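For reference, the structure is listed below as structure tokens.
Here it is as structure tokens:
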């Protein structure tokens, strides 16, 4: 099942690494926000798949 997923990153480089490592397609990205907690991405993803991530502020 396709669901909305989210993750946060401290730098644009970490966010780009996450997108590239997980082969997230442009059409699956709903939003990228820049706030107090850093960069947050919201995207469509398969609920059965656990993304490769380095997590918040990594």
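Residue numbers (this note's numbering): 16 to 73. C-beta atoms are modelled at their ideal positions from N, C-alpha and C, and glycine is treated no differently. Only a predicted model underlies this, so the values are computations on that prediction, with no experimental measurement involved.
- Ranked by how close their Cα comes to the Cα of residue 58, the residues 16, 23, 36 and 45 have 45 in first place.
- For residue 34, the uninterrupted alpha helix (DSSP H) segment begins and ends at 27 to 36.
- When the Cα atoms are used, residue 37 and residue 51 turn out to be separated by approximately 25 Å.
- Between the beta-carbon of residue 21 and that of residue 68 there is about 11 Å, and that puts the pair past the 8 Å contact cut.
- Of the residues assessed, residue 23 falls on the buried side of the cut-off, its CB having 16 or more other CB atoms within 10 angstroms.
- Secondary structure note for residue 43: it is in no beta strand (DSSP E), with a DSSP letter that is neither H nor E.
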